[in-house]
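Below is one structure; the comments refer to it alone.
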Ligand code: 4AZ
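Numbering (mature numbering (1 follows the signal peptide of the UniProt record, and there is no 0)), first residue to last: 404 to 648.
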């Protein structure tokens, strides 16, 4: 996260770290992407975060990736469902969404606590200019390797019209994605934040509105972050999970 602050404990309880290691290896898992808890046994992330040669786990309830924390929950991934129309071109990433079904122990996956909670799927759209929150352990203005502390920042939703301007991203922007941030540059998501949440609040309820997906560099003028448009995928999510309460 560029232009962010160290997250306050419990402020982003749906934030997950997606961690990987080569299949069959005994290496330690390493953070690769963000992810979001939407149901006890279901996590959303970006499709471009998935590598089928990697074994995955999800860590919930943690802020500092550098140490084992008291309220952390580490859960294995049982199934990965990548969107059938996920596609990467040199210009953009389309339908950048994947569902992870978590492994259960004694019939339970993630256990709700002060530091672990699900984020609601959106039931309304938010107007352009709305202030929403991004969070992650990705690159910062000080460290291209990312932050061991979870960081968060406020960004503004940018209209499809502005984002599709030739001076911004032009016609590469479609309905599976939207832009958020600042056209003057500055605050933005970055590498390692991918798959994590862009959440927006209404009447005290937080909604998952976007997933960090792509962008031309980070924090650059006229190159805001591009996010997977979660509303566009509600039917897909419901068809794969059988519906989220
Ligand atoms: C990346 O490389 C990436 N500024 C993620 C987000 C953004 C750019 C790049 C948005 O994963």
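Backbone N, C-alpha and C define an ideal beta-carbon position, used for all residues, glycine too. Because the structure is a prediction, the values reported are computed rather than measured.
Nearest neighbour of residue 622, chosen from 542, 509, 459 [CA to CA]: That would be 542, whose Cα lies nearest to the Cα of residue 622.
Whole runs of the beta strand (DSSP E) within the region 445-504, excluding any shorter than 3 residues: Counting only runs of 3 or more, we get 445-448, 457-463, 476-485.
Buried versus exposed, by CB contacts within 10 Å (16 or more), residue 499: For residue 499, the number of other beta carbons within 10 angstroms of its own is at least 16, and it is reported as buried.
7 Å CB neighbourhood of residue 513 in its chain, flanking five on each side removed: Same-chain partners within the cutoff: 440, 443, 463, 476, 478, 505, 519.
Same chain, Cβ closer than 6 Å to residue 480, five either side skipped, listed in chain order: Hits under 6 Å: 459, 503.
Reference residue 596; option with closest CA among 538, 546, 417, 406: Nearest Cα to residue 596 within the set 538, 546, 417, 406: 538.
Pick from 609, 527, 626 that is closest to residue 617, judged by C-alpha positions: Measuring from the Cα of residue 617, the nearest candidate turns out to be 626.
Check whether residue 555 and residue 415 have beta carbons under 8 Å apart: Against a cut-off of 8 Å, the Cβ pair of residue 415 and residue 555 comes out as a contact.
Nearest to residue 468 (by Cα), restricted to the options 448, 420, 647, 636: The shortest CA-to-CA distance from residue 468 to any of 448, 420, 647, 636 is the one to 420.
Buried versus exposed call for residue 430 [16 or more other C-beta atoms within 10 Å across all chains shown]: Label assigned to residue 430: exposed.
Distance, residue 571 Cα to residue 585 Cα: Distance between the alpha carbons of residue 585 and residue 571: 11 Å.
Buried versus exposed call for residue 580 [16 or more other C-beta atoms within 10 Å across all chains shown]: Buried: at least 16 other Cβ atoms inside 10 Å.
Through-space distance from residue 482 to residue 645, alpha-carbon basis: Those two C-alpha atoms are separated by around 14 Å.
Limits of the alpha helix (DSSP H) - the one that residue 637 falls within: Going by DSSP, residue 637 is part of the alpha helix (DSSP H) stretching over 637-644.
Cβ-heavy atom distance, residue 592 to the ligand 4AZ, below 7 Å: Residue 592 Cβ: within cutoff of the ligand 4AZ.
First and last residue of the uninterrupted alpha helix (DSSP H) at residue 565: Counting along the chain, the alpha helix (DSSP H) containing residue 565 begins and ends at 563-566.
Backbone CA spacing between residue 560 and residue 447 [nearest angstrom]: One C-alpha to the other measures close to 20 Å.
Residue 423 CB to nearest heavy atom of the ligand 4AZ below 7 Å: Proximity of the beta carbon of residue 423 to the ligand 4AZ is not indicated: no heavy atom of the ligand is located closer than 7 Å.
Residues bridged to residue 545 (per DSSP): Answer is none; residue 545 lacks a bridge partner.
Whole-number beta carbon distance between residue 405 and residue 566, since they are thought to touch under 8 Å: The pair is not a contact, with the Cβ atoms about 18 Å apart (cut-off 8 Å).
Contacting residues, own chain, Cβ-Cβ under 8 Å from residue 433 (five flanking each side not counted): If we look at residue 433 and ignore the five residues flanking it on each side, its Cβ neighbours are 422, 423, 424.
Whole-angstrom C-beta distance between residue 635 and residue 578, which should lie under 8 Å: Your pair residue 578 and residue 635 checks out as a contact, with CB atoms roughly 6 Å apart and the cut at 8 Å.
Under 8 Å between C-beta atoms of residue 583 and residue 628: Going by C-beta atoms, residue 583 is nearer than 8 Å to residue 628.
Residue interval of the beta strand (DSSP E) (run including residue 587): In the DSSP annotation of this structure, residue 587 is not part of any beta strand (DSSP E), being labelled neither H nor E.
Buried versus exposed, by CB contacts within 10 Å (16 or more), residue 435: Residue 435 is buried by the Cβ-count criterion.
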